[in-house]
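See structure below.
Number of protein chains: 2
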Amino acid sequence: MAAKANAVVAQSGGPTAVINSSACGVIQEAVKSGRIGKIFGATNGILGILKEELFDITAEKPETVEALKRTPAAATGSCRYKLKSLDQNRADYERILDVFRAHDIHYFFYCGGNDSMDTADKVNKLAAETGYELVCMGVPKTIDNDLACTDHCPGYGSVAKYVATSAMNAGKDTEALYTTDTCTILEVMGRNAGWIVAATGLARREPQDAPHLIYLPESAFTFEQFILDVKEVLKEFGRVFIAVGEGLKDKDGKYITADAGQFGKDSFGHAQLGGVAEVLKAVIEKEVGIKARFNKLGTNQRSAMHFASLTDVNEAYMVGQAAVQAALSGENGKMVTLVRESNSPYKCSTGLALLSDVANGESKVPRKYINAKGNGVTQAMLDYVRPLVQGQAPITIGSDGLPVYMRFERKHVTKKLPKYM
Amino acid sequence: MAAKANAVVAQSGGPTAVINSSACGVIQEAVKSGRIGKIFGATNGILGILKEELFDITAEKPETVEALKRTPAAATGSCRYKLKSLDQNRADYERILDVFRAHDIHYFFYCGGNDSMDTADKVNKLAAETGYELVCMGVPKTIDNDLACTDHCPGYGSVAKYVATSAMNAGKDTEALYTTDTCTILEVMGRNAGWIVAATGLARREPQDAPHLIYLPESAFTFEQFILDVKEVLKEFGRVFIAVGEGLKDKDGKYITADAGQFGKDSFGHAQLGGVAEVLKAVIEKEVGIKARFNKLGTNQRSAMHFASLTDVNEAYMVGQAAVQAALSGENGKMVTLVRESNSPYKCSTGLALLSDVANGESKVPRKYINAKGNGVTQAMLDYVRPLVQGQAPITIGSDGLPVYMRFERKHVTKKLPKYM
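Structure, rendered in structure tokens:
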């Protein structure tokens, strides 16, 4: 490898409040090392590499790079493009190596989830097979917190802080107006894992605090038990605040929104449209006879930089730095992990895991973190998540009173290869 | 009136991030004056008065009262109970005066919107008619910003700040992931007035910034123009971020969700369920052929104390103080207003308006604040709202990293009257 080979940093999948902090960690550590040439950003993740849409981050202003720490979403652009297997689509992987070769790129830092780790792993294997010198390092990112091999994922602490605070805020609203707005449903993300909705449990410091009921995709959901749960809470507190993950499933593992049975039909027998919150709202209004309303935070939960966790921002930066340090010390084909050394006081360091181990694993909320009835979380869950939401990440506020976020200028490189088909 | 007559403070309607600041202003100013006896809180607004559910705020810890400034929603409890006219339900108004008489209450401070001002006005008139000494003062509150006689309403600045920041955050998300998540719809509150959705315009510092399209209830909405708007933005930026008020109406003033015509039916011809965002999502997916997702902030927008405007919190406190000062200086039957003395530098003082004038008025977004196409806001709108979002209101963060809010102990008075029927 040339003494000063170039690097590419790419971001993939659903953005988070802190994935840019990780990119910042990669960029600043690479620059500091003095051992890496140019650092390219790939516009829209692996798509940008395939299309040879690369821009020179080392030509951006240092203050723009620094402001990555205070900007949500994915500043290089992200994508949801999933490459097929090497056998099925070797051409794509070869194209990636062609692009790397054309721009003297020998370091590939990929921030993403398990699909991205799978992609990075396959690119790496083809490079080894074909004798192209490449170091591939994975940088973990996902609000879903479902990556294997790591204690938790950068992005999770901030979404946990935001959804817990949102439950606290909207819970106060329900408490104030319970005589008419008796039931509030807060729908949060998490199609397969319930880590995000579990974090709303932090808001409930006292029994009467919201959320009174928490439902995770890991617990088989039944409408019958749900109605009983709601009635019981109503009896005790005169109001009910419910937090739900978007991916609730029945005992057969089917999403309840796909076939909600008798409860999923409107009065004409038509299937209810919409997400989990809409279905549950309809069930409550029909079966319990109280008004229900729902808040669906959507992409606002994963981009809430204005209230991000400082712990999360710092750890996101740390995994970016660690990826570069590992790459320069001879590691390859690994993802940086977070290792919780102690919980009280909280201490966290980084480790490494094989990309293939991360690609093939999934971390769900363990049974011991969910209460016996499947409608709440345990103290162990709260102890797990609490350290991750600590601290207020600094943001820049403009003269207009609102946050100021950066945007790369993106001076794209001159393309050297035929157009990607 | 006795030298130290008692006062009651009540909160009504949809909570805000700062209605408690107004209550705090009333309470602390009343205590400071030394001219008011006990200050009662009415549990759930006028309902609490009717039911004789009053608690002694002067018996609460001073730090609990102080923490009102940093707690969202309505700490005394709120309600949506609308009293009929004096002619139709004189008994209710007489009951209110009976409760006041039973507890030596001669000051009534009512924090709410125009319905509440109407109630306070009628109570006041009956008191005058029957010779009961009473001073009724209105304290303005509404996120909707639709009260007459005042430049703006406490509660609006904080929701404006939150929805603008939410548009900025989710806008960054759409920008990052536009290759798959091409369209995001942000639905905010505002059934009749578009002040809240108009405030999202603050997020758009550059043309490519979100939101690209803003629709207010004040502009007649047509699906045909909407589809053209979306296609035009898509062509220019490759993505589209849309902010909508929940109460969009067609040219006949009908809510588009009530009868969305050909666009409001699913493929079976059934009427679409759900709110504005769901209808627009369906239209975009069908007519433009891109994926659309929506975020519905719901009650989270009106309870977002964690990112409230300091200007708003301070002004909310100021109107509470001013209500007491006016009451003690001989004013009666009036609501405190906010008067914008200058915009640059921003300077705001308080004034007074007749309760009946506020009760019978409504402030909508004027035409000059909406762009010619009816799909965005003008510089004049931004100049109006910008001062109101300035500054970060302090909150208390607990050792668990999350906001700490107060709750009254609510030691209720012994009831002296027969039960309210």
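Listed in order, the protein sequences are those of chains B and G.
In this text, residue positions in the first sequence follow our numbering: the first is 56, and each later residue adds one.
In this text, residue positions in the second sequence follow our numbering: the first is 56, and each later residue adds one.
All C-beta atoms, glycine included, are put in the ideal place defined by N, C-alpha and C.
This one's a predicted model, so the numbers in the text were calculated from it and none came from an experiment.
Opening and closing residue of the beta strand (DSSP E) in which residue i lies
{"i": "P117 of chain G", "result": "Element bounds for P117 of chain G: not the beta strand (DSSP E) but the alpha helix (DSSP H), 117-121."}
{"i": "M390 of chain G", "result": "389-398"}
{"i": "K474 of chain G", "result": "Per DSSP, K474 of chain G belongs to no beta strand (DSSP E) and is neither H nor E."}
{"i": "Q66 of chain G", "result": "61-66"}
{"i": "S404 of chain G", "result": "401-409"}
{"i": "L105 of chain B", "result": "Looking at the DSSP string, L105 of chain B is not in any beta strand (DSSP E); the run it does join, the alpha helix (DSSP H), is 100-105."}
{"i": "I91 of chain B", "result": "Run containing I91 of chain B: none; DSSP gives neither H nor E here."}
{"i": "I269 of chain G", "result": "268-270"}
Delimiting residues of the alpha helix (DSSP H) encompassing residue i
{"i": "K180 of chain G", "result": "169-185"}
{"i": "N75 of chain B", "result": "74-88"}
{"i": "Y424 of chain B", "result": "No alpha helix (DSSP H) holds Y424 of chain B; DSSP gives it neither H nor E."}
{"i": "G141 of chain B", "result": "Per the sequence presented here, residue 141 of chain B reads as Leu, with Gly not at that position. Counting along the chain, L141 of chain B falls outside any alpha helix (DSSP H), and DSSP gives it neither H nor E."}
{"i": "F281 of chain G", "result": "278-292"}
{"i": "G226 of chain B", "result": "211-231"}
{"i": "A435 of chain B", "result": "434-440"}
{"i": "D147 of chain G", "result": "145-157"}
{"i": "G375 of chain G", "result": "365-383"}
{"i": "L335 of chain B", "result": "331-338"}
{"i": "I251 of chain G", "result": "250-254"}
Cβ-Cβ separation, residue j to residue i (assumed contact under 8 Å), whole Å
{"i": "T119 of chain B", "j": "I94 of chain B", "result": "No, T119 of chain B and I94 of chain B are not in contact; Cβ-Cβ is about 13 Å, not under 8 Å."}
{"i": "T255 of chain G", "j": "P266 of chain G", "result": "5 Å"}
{"i": "D199 of chain G", "j": "G245 of chain G", "result": "6 Å"}
{"i": "K351 of chain G", "j": "G330 of chain G", "result": "7 Å"}
{"i": "V374 of chain B", "j": "G80 of chain B", "result": "7 Å"}
{"i": "F155 of chain G", "j": "A62 of chain G", "result": "Actually they are not in contact, since the Cβ atoms of F155 of chain G and A62 of chain G sit about 10 Å apart, beyond 8 Å."}
{"i": "T354 of chain G", "j": "R348 of chain B", "result": "7 Å"}
{"i": "L437 of chain G", "j": "S364 of chain G", "result": "Not quite, the Cβ-Cβ distance comes to about 15 Å (not below 8 Å), so this is no contact."}
{"i": "I311 of chain B", "j": "I240 of chain B", "result": "No, I311 of chain B and I240 of chain B are not in contact; Cβ-Cβ is about 13 Å, not under 8 Å."}
{"i": "T433 of chain G", "j": "K423 of chain G", "result": "7 Å"}
CB contact below 8 Å: residue i versus chain G
{"i": "A448 of chain B", "result": "no"}
{"i": "G210 of chain B", "result": "no"}
{"i": "F349 of chain B", "result": "yes"}
{"i": "A298 of chain B", "result": "no"}
{"i": "Y475 of chain B", "result": "no"}
{"i": "Y187 of chain B", "result": "no"}
{"i": "K524 of chain B", "result": "Shown here, chain B extends from 56 to 476; a query on residue 524 of chain B therefore has no answer."}
{"i": "D228 of chain B", "result": "yes"}
{"i": "N415 of chain B", "result": "no"}
{"i": "D111 of chain B", "result": "no"}
{"i": "Y460 of chain B", "result": "yes"}
Counterpart residues of residue i in DSSP-defined beta bridges
{"i": "R348 of chain B", "result": "B:T239"}
{"i": "I452 of chain B", "result": "B:P458"}
{"i": "Y310 of chain B", "result": "B:K304"}
{"i": "Y165 of chain B", "result": "B:A65, B:G193"}
{"i": "Y467 of chain B", "result": "The question names Tyr, but residue 467 of chain B in the sequence shown is His. Paired residues: B:F110."}
{"i": "V343 of chain B", "result": "V343 of chain B is not bridged to any residue."}
Below-8 Å beta-carbon distance, residue i vs any chain B residue
{"i": "C134 of chain G", "result": "yes"}
{"i": "T119 of chain G", "result": "no"}
{"i": "P505 of chain G", "result": "Nothing in the structure corresponds to residue 505 of chain G, since chain G is present only between 56 and 476."}
{"i": "G319 of chain G", "result": "Reliability fails at G319 of chain G, whose pLDDT of 49 lies under 50, so the model's placement of it is uncertain and no value is given."}
{"i": "E301 of chain G", "result": "no"}
{"i": "P127 of chain G", "result": "yes"}
{"i": "N169 of chain G", "result": "no"}
{"i": "R465 of chain G", "result": "no"}
{"i": "G324 of chain G", "result": "Per-residue confidence for G324 of chain G stands at a pLDDT of 48, beneath the threshold of 50, marking its modelled position as unreliable; the derived number appears in the next sentence. Cβ-Cβ to chain B under 8 Å: no for G324 of chain G."}
{"i": "L383 of chain G", "result": "no"}
{"i": "A258 of chain G", "result": "yes"}
{"i": "A231 of chain G", "result": "yes"}
{"i": "G69 of chain G", "result": "yes"}
Within chain D, the residues that residue i reaches when beta carbons sit closer than 8 Å
{"i": "H361 of chain B", "result": "In the structure shown, chain D cannot be found, because the protein chains are B and G."}
Specify whether the region 395-410 of chain B and the region 211-219 of chain B touch according to this definition: at least 3 beta carbon pairs, one from each stretch, less than 8 Å apart.
No: fewer than three Cβ pairs fall under 8 Å.
Are the region 377-392 of chain G and the region 187-201 of chain G in contact at 8 Å, needing three or more beta carbon pairs?
Using a Cβ-Cβ distance cut-off of 8 Å, the region 377-392 of chain G and the region 187-201 of chain G are in contact, since at least three pairs of beta carbons, one from each stretch, lie closer than that value.
Contact between the region 133-140 of chain G and the region 58-69 of chain G is defined here as three or more beta-carbon pairs at a separation below 8 Å; is this criterion met?
Contact holds: three or more Cβ-Cβ distances are below 8 Å.
Taking contact to mean 3 or more Cβ pairs, one atom from each stretch, closer than 8 Å, check whether the region 463-475 of chain G and the region 157-172 of chain G are in contact.
With the cut-off at 8 Å, the region 463-475 of chain G and the region 157-172 of chain G touch.
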